[in-house]
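Single-structure report; data block below.
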Amino acid sequence: MKEKLEIRKTEKKAFYKNSSVDEMIKINKQNNIFRDFENETLSIAYINNDIDDDEGYFIASQNKKYPYSHTTMLNTQRNVIASNSNIKEREVADTVYKVGNELEKLSKDIEVEYKNVNIRYNLTNINKLHMNFEDERNVFYVKLGEDKFKFEYRALDSKKAVQDMELFLKPIVQKKYIEISKINEKNLIIPSDLNIYDFFEEYLTCKNVIENKLMNVEIFSEKLSFYTSLSPEDTKSQKYGLLPFFDWEGSYSPYYRNVLIENGTVIKPYSNKDLAKEYEVENTCCSYALKDDYPSCKLLGAYIQNGDYKLEDMVKSAIFIESADVTLQKEELKFDVKRAYLYENGELTHIIKHFSFLINAFRFFGNKFMGASKDLLFNSDLRRAVVFKDIQMF
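In UniProt numbering, the protein residues as written are 1 to 394.
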């Protein structure tokens, strides 16, 4: 059985500096991933150019073979097409000029890069299974001195983008900096795409769940849902990202999971063949991650249920963490905050200088967790605000 995933990306870029459009660039990229299933083994080839299918499958068949027993494919077709503006190069230049010209009213040192990205995926195999996905992103990179910001939108609204950018840039221009020690604020706002989920896969392995007796233990708020299996009928791409469309072998069996959590409580672990035998649990090794070296089950991840309240109704003041590195140290999350703001009544009033803190991960997503805002965050139409209350950082 053979399977091919085509990834085509078109980028149109324009740069604004010194009151003019500095440069225009158009880039086309193509990547192909060939998967060859034979005799309960899997081999993969990553090709960064357009080649004949037979040659791609031949290269895959010559690569390292991994044990892989489940290759059932469904003879279905699915299309997920986002709105695609098909923006022209001239429009890209006009957009970056319009945005840059408005931001220069704050500072003449502003530099702006605007990038329109269109991505198309197509998955095919010998059973004529087709999964097509098309999406678009409008990304602005704004630089002011040493500070760099990213603003990302699915739908382009340059007026809204300028308003968002001004929120973040005004405290810098006005030099409103403050030390974390001078703030008596215990509420936190975190963007939903910050890597606060990364410790789940690391900590909630089959081995750790069993050896640390986490079975039937409530460790997370019920507002935090784990999508440990996917329905073939589910086409909510914003909910799952690309995973159900391009990492799916069509199996009716559970896949992409290593632990089942319901309403915040660990119900049971899943495992590959080796761990299933060692711990006498269910073997669910029936799918693989796109770039994994070894095919095995993975926890798909967590999903925060959208709340019923807007951010302004959830919290009046908080520390908004704009960028940070989040790592797991045993059962504690370490936040190394690169840039944060003091949020007050819908405004970002001050920049908070670099700081770091530790917090128990399970308490963090337990009684400290208020949920996610109903409305989208103020520098993207792709992210929501995740709110925590009464956080003792120091």
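For every residue, glycine included, the Cβ atom is placed at its ideal position computed from N, Cα and C.
| message | Using C-beta distances below 6 Å, list every residue in its chain close to residue 28, excluding the 5 sequence neighbours before and after it, in chain order. | response | For the purposes of this step, residue 28 is identified with residue 28 of the sequence shown, where counting begins at 1. Answer for residue 28: 10, listed in chain order.
*Under 8 Å between the Cβ atoms of residue 22 and residue 60?*
Here residue 22 refers to the residue found at position 22 of the sequence shown. Here residue 60 refers to the residue found at position 60 of the sequence shown. Going by C-beta atoms, residue 22 is not nearer than 8 Å to residue 60.
### Message
If I follow the unbroken alpha helix (DSSP H) through residue 363, where does it start and stop?
### Response
Working through the sequence shown from its first residue, we reach residue 363 at position 363. Residues 361 to 364.
Notebook entry, point to check: Hey, would you say residue 154 sits closer than 8 Å to residue 325, going by beta carbons?
Noted result: The residue given as residue 154 occupies position 154 in the sequence shown. The residue given as residue 325 occupies position 325 in the sequence shown. No.
- When burial is assigned at 16 or more other CB atoms within 10 Å of the CB, is residue 164 buried or exposed? In the sequence shown, residue 164 corresponds to position 164, counting from 1. Residue 164 should be labelled buried.
| said: Quick check: what's the CA-CA separation for residue 191 versus residue 8? | reply: Along the sequence shown, one-based indexing puts residue 191 at 191. Along the sequence shown, one-based indexing puts residue 8 at 8. About 28 Å.
#### Entry: Presumed contact (8 Å Cβ cut-off) between residue 331 and residue 361, rounded CB distance
As a first step, residue 331 is located in the sequence shown; it is residue number 331 there, counting from the start. As a first step, residue 361 is located in the sequence shown; it is residue number 361 there, counting from the start. Indeed they touch by this definition, with Cβ atoms about 6 Å apart.
Backbone secondary structure at residue 194 - three-state DSSP: Taking the sequence shown and counting its residues from 1, the one referred to as residue 194 is at position 194. Looking at residue 194 - three-state DSSP - the assignment turns out to be coil, as it is neither helix nor strand.
At the level of alpha carbons, what is the spacing between residue 30 and residue 54? For the purposes of this step, residue 30 is identified with residue 30 of the sequence shown, where counting begins at 1. For the purposes of this step, residue 54 is identified with residue 54 of the sequence shown, where counting begins at 1. Rounded to the nearest angstrom, the two C-alpha atoms are 17 Å apart.
Look at residue 32 and residue 13 and say whether their C-beta atoms are less than 8 Å apart. The residue labelled residue 32 in the question sits at position 32 within the sequence shown. The residue labelled residue 13 in the question sits at position 13 within the sequence shown. Not a contact, by the Cβ cut-off of 8 Å.
Candidates 282, 339 and 220: closest to residue 371 by CA position: Against the sequence shown, residue 371 aligns to sequence position 371. Per the Cα distances, 220.
Worksheet entry | Cβ contact (3+ pairs, closer than 8 Å) linking the stretch 205 to 212 and the stretch 264 to 284 | yes
>> Just to confirm before moving on: does the CB-CB distance between residue 427 and residue 374 stay below 8 Å?
In response: Not covered by the structure: residue 427. The range shown for the chain is 1 to 394.
Open item on the list: Using C-beta distances below 6 Å, list every residue in its chain close to residue 379, excluding the 5 sequence neighbours before and after it, in chain order.
Closed with: Position 379 of the sequence shown, counted from the start, is the residue given in the question as residue 379. Taken in chain order, the residues that qualify are 151 and 164.
Have a look at 43, 188, 353 and 260 and flag the residue whose alpha-carbon is nearest the alpha-carbon of residue 343. For the purposes of this step, residue 343 is identified with residue 343 of the sequence shown, where counting begins at 1. It is 188.
| said: residue 111 and residue 16 - do their beta-carbons sit closer together than 8 Å? | reply: Walking along the sequence shown from the start, residue 16 turns up at place 16. Walking along the sequence shown from the start, residue 111 turns up at place 111. Cβ distance < 8 Å, so residue 16 and residue 111 count as in contact.
- Please determine, among 146, 106, 142 and 113, the residue with the shortest C-alpha to C-alpha distance to residue 170. As a position in the sequence shown, residue 170 is number 170, starting the count at 1. Ranking 146, 106, 142 and 113 by Cα distance to residue 170 puts 106 first.
- When burial is assigned at 16 or more other CB atoms within 10 Å of the CB, is residue 239 buried or exposed? Position 239 of the sequence shown, counting from 1, holds the residue named residue 239. Residue placement at residue 239 is flagged as unreliable, the pLDDT there being 42, under the threshold of 50; a coordinate-derived value is accordingly withheld.
key: Contacts around residue 97, its chain only, beta-carbon distance under 7 Å, and the 5 residues preceding and following it disregarded   = As a position in the sequence shown, residue 97 is number 97, starting the count at 1. Excluding positions up to five away in sequence, the list reads 16 and 21.
For residue 52, the nearest candidate out of 270, 145, 64 and 6 (CA to CA)
On the sequence shown, residue 52 is found 52 positions in, with the first residue counted as 1. Nearest of 270, 145, 64 and 6 to residue 52, Cα basis: 6.
Q.
Here's the rule: buried if 16 or more other CB atoms are within 10 angstroms of the residue's CB, otherwise exposed. What is residue 177?
A. Start at 1 with the first residue of the sequence shown, and residue 177 comes out as number 177. When all chains shown are included, residue 177 counts as exposed.
Using 10 angstroms around the beta-carbon of residue 390, count the other beta-carbons present and answer buried if the total reaches 16, otherwise exposed. One-based indexing of the sequence shown puts residue 390 at position 390. Residue 390 comes out exposed.
| said: Please give me, in chain order, every unbroken run of the alpha helix (DSSP H) with length at least 4 that falls completely inside the stretch 85 to 130. | reply: 89 to 103
In or out: residue 156 buried (at least 16 other Cβ within 10 Å) or exposed? Position 156 of the sequence shown, counted from the first residue, corresponds to residue 156. Residue 156 is buried by the Cβ-count criterion.
### 7 Å CB neighbourhood of residue 383 in its chain, flanking five on each side removed
If you number the sequence shown from 1, residue 383 lands on position 383. Once the five neighbours on either side are set aside, the close Cβ partners of residue 383 are 191, 192, 193, 376 and 377.
message: So if DSSP puts residue 4 in a beta bridge, which residue, or which two residues, is it bridged to?
response: Counting from one through the sequence shown, the residue named residue 4 turns up at place 4. Paired residues: 34 and 124.
**DSSP state of residue 162 mapped onto helix, strand, coil** = One-based indexing of the sequence shown puts residue 162 at position 162. It is helical.
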